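Residue numbers (our numbering): 20 to 363.
Glycine is no exception: its CB is placed at the ideal position from the N, C-alpha and C atoms.
Being a predicted model, the structure only gives us computed values, none of them experimental.
Everything on this sheet refers to the single structure shown next.
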């Protein structure tokens, strides 16, 4: 009888231990729903963290020919630009990363170039307006800028545009022109290489104040402008459907955006300038390598003083980039950590 009781106790003890092991295994394995929720929350995080200071090299030999109006680089070495000469406009080409330039062709003095976009070393477009009546025109080259042909005129919505619009071709057929007008952004799209353009799409903007923006496709873009709640704060917005802007995150306070560009879906760059009253850290540079979720913030030396108006960033790759203002051209080969002045 005692042996039977002892056996029963042993069975109960074994069952208890087995159940406890099952409970421990179940408790230590996250449920699928919990894992999904954690991943989604991590994907929605937005942060800006301090990075290393930026280095600059501003001692160069005099260069007599350099772009002053617009630039477009297709790779680490080959770039194109427009320069305003004493008597005419010149179209320029560089084959050494912007160190030296040579004139390929002259452009009529009757036009005012706004922007250029090159898809490869041969195919490029020049957006301009007639100086007499401000009517827009689009020129195409198929031989790397040796010759140009007017393929479109009087593009809708560009009749009286004063500022330089966003202008880019994503391949030989699809292109986009974008500009902000108050609380509306106008988008013009082409799918036949620029011969015809769709009527302007009126995209509602988050705020009425001007900002900077860029597009990496006909439907995906980025916009930086003042926050709705605090005009001193810059907010980053993202568009993925060609129609609506979604708030992504808040940029560091008291920094005014001057230029933004994305090389691809992951790599993006922002140039910012501090409030004019604060000259201690005048220029800042933000970099992202994860599509805008996290940004590293880098400070330029005080000797870096580009002209704030009409800044252009051109990054054909994640490491090679150029910065152009109305006076100087800068180049980086390491993703913006070091910049070299190419003009004097």
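Within 10 angstroms of its Cβ, does residue i collect 16 or more other Cβ (buried), or is it exposed?
{"i": "residue 354", "result": "buried"}
{"i": "residue 171", "result": "buried"}
{"i": "residue 350", "result": "buried"}
{"i": "residue 192", "result": "exposed"}
{"i": "residue 91", "result": "buried"}
{"i": "residue 335", "result": "buried"}
{"i": "residue 69", "result": "exposed"}
{"i": "residue 85", "result": "buried"}
{"i": "residue 112", "result": "buried"}
Roughly how many whole angstroms lie between the Cα atoms of residue i and residue j?
{"i": "residue 290", "j": "residue 95", "result": "20 Å"}
{"i": "residue 322", "j": "residue 210", "result": "44 Å"}
{"i": "residue 358", "j": "residue 254", "result": "26 Å"}
{"i": "residue 313", "j": "residue 201", "result": "29 Å"}
{"i": "residue 71", "j": "residue 308", "result": "16 Å"}
{"i": "residue 344", "j": "residue 263", "result": "31 Å"}
{"i": "residue 136", "j": "residue 333", "result": "10 Å"}
{"i": "residue 114", "j": "residue 155", "result": "30 Å"}
{"i": "residue 277", "j": "residue 219", "result": "25 Å"}
{"i": "residue 251", "j": "residue 275", "result": "9 Å"}
{"i": "residue 190", "j": "residue 168", "result": "18 Å"}
{"i": "residue 107", "j": "residue 127", "result": "7 Å"}
{"i": "residue 159", "j": "residue 328", "result": "27 Å"}
{"i": "residue 164", "j": "residue 139", "result": "11 Å"}
{"i": "residue 237", "j": "residue 261", "result": "7 Å"}
{"i": "residue 324", "j": "residue 301", "result": "8 Å"}
{"i": "residue 188", "j": "residue 243", "result": "22 Å"}
{"i": "residue 120", "j": "residue 338", "result": "21 Å"}
{"i": "residue 320", "j": "residue 356", "result": "11 Å"}
{"i": "residue 352", "j": "residue 285", "result": "18 Å"}
{"i": "residue 292", "j": "residue 208", "result": "31 Å"}
{"i": "residue 203", "j": "residue 149", "result": "25 Å"}
{"i": "residue 249", "j": "residue 256", "result": "15 Å"}
What is the C-beta distance between residue i and residue j, in whole angstroms, given that I count them as a contact (C-beta under 8 Å)?
{"i": "residue 342", "j": "residue 362", "result": "Not really, about 11 Å apart at Cβ, beyond 8 Å."}
{"i": "residue 232", "j": "residue 185", "result": "6 Å"}
{"i": "residue 125", "j": "residue 109", "result": "6 Å"}
{"i": "residue 67", "j": "residue 245", "result": "Not quite, the Cβ-Cβ distance comes to about 17 Å (not below 8 Å), so this is no contact."}
{"i": "residue 216", "j": "residue 311", "result": "Not a contact, Cβ separation roughly 29 Å."}
{"i": "residue 226", "j": "residue 206", "result": "Contact doesn't hold; Cβ gap of about 18 Å is too wide."}
{"i": "residue 65", "j": "residue 340", "result": "Actually they are not in contact, since the Cβ atoms of residue 65 and residue 340 sit about 23 Å apart, beyond 8 Å."}
Do residue j and residue i count as a contact pair if the criterion is CB distance below 8 Å?
{"i": "residue 144", "j": "residue 100", "result": "no"}
{"i": "residue 173", "j": "residue 235", "result": "no"}
{"i": "residue 239", "j": "residue 224", "result": "no"}
{"i": "residue 133", "j": "residue 147", "result": "yes"}
{"i": "residue 161", "j": "residue 177", "result": "no"}
{"i": "residue 280", "j": "residue 288", "result": "yes"}
{"i": "residue 247", "j": "residue 199", "result": "no"}
{"i": "residue 103", "j": "residue 87", "result": "yes"}
{"i": "residue 73", "j": "residue 318", "result": "yes"}
{"i": "residue 18", "j": "residue 157", "result": "Residue coverage of the chain in this structure runs from 20 to 363, which leaves residue 18 outside it and unanswerable."}
{"i": "residue 265", "j": "residue 89", "result": "no"}
{"i": "residue 346", "j": "residue 326", "result": "yes"}
Would you give the residue range spanned by the beta strand (DSSP E) that residue i belongs to?
{"i": "residue 266", "result": "265 to 269"}
{"i": "residue 186", "result": "185 to 188"}
{"i": "residue 359", "result": "357 to 360"}
{"i": "residue 316", "result": "313 to 318"}
{"i": "residue 248", "result": "Element bounds for residue 248: n/a, residue is neither H nor E."}
{"i": "residue 101", "result": "98 to 103"}
{"i": "residue 209", "result": "203 to 209"}
{"i": "residue 303", "result": "302 to 307"}
{"i": "residue 132", "result": "130 to 137"}
{"i": "residue 290", "result": "287 to 293"}
{"i": "residue 168", "result": "168 to 172"}
{"i": "residue 66", "result": "66 to 69"}
{"i": "residue 112", "result": "108 to 113"}
{"i": "residue 149", "result": "143 to 149"}
{"i": "residue 233", "result": "231 to 234"}
{"i": "residue 163", "result": "It is not in any beta strand (DSSP E) - residue 163 carries neither H nor E in the DSSP assignment."}
{"i": "residue 324", "result": "Premise fails: residue 324 is in no beta strand (DSSP E) and is neither H nor E."}
{"i": "residue 342", "result": "340 to 343"}
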